[in-house]
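The structure appears right after this line, and notes come after that.
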Amino acid sequence: MAHPALGAPAPTPCNNLRRLQAAITDMDGFAQGGLSEISAIAKLALAAMETPDGYRHPEMIAQALSAIWGKAESIENCINTTAEKVGCNYRDPDAERRYAAYRTAFEEVQS
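Structure, rendered in structure tokens:
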């Protein structure tokens, strides 16, 4: 049966299951790869702090922390985007209320 608006086949439970399985597999890959990298960088930074050289070059530790931060945000975005594609992304109601309040305040200032 074709989807009336798109002319494409309507989603079936089997197709939906395959999409969910693919999304979960992708998210697992993002998590395993990215979190392993974060763990390795953190261990190296901690090891550097056990030597005098680590304190002579604090920028090295700062760069490691920056890499951890960037990698964590990247993984978060990849996982969220993948979950969103299958309609399973987490939504924070508190954050949504804050954003709605911000939009209202901004619109009041503009008018």
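Everything in the sequence shown is counted per UniProt numbering, starting at 1 for the first residue and increasing by one.
Positions of the beta carbon are idealized from the N, C-alpha and C atoms, including for glycine.
Predicted model only: the values in this text are computed from it and were never measured.
Expected contact under 8 angstroms - CB spacing of A31 and I75 to nearest Å: 7 angstroms
Pairwise C-alpha distance: M60 and G29: Approximately 28 angstroms between the Cα atoms of the pair.
For A10, the three-state DSSP class (helix, strand or coil): coil
Three-state secondary structure assigned by DSSP to D53: It is helical.
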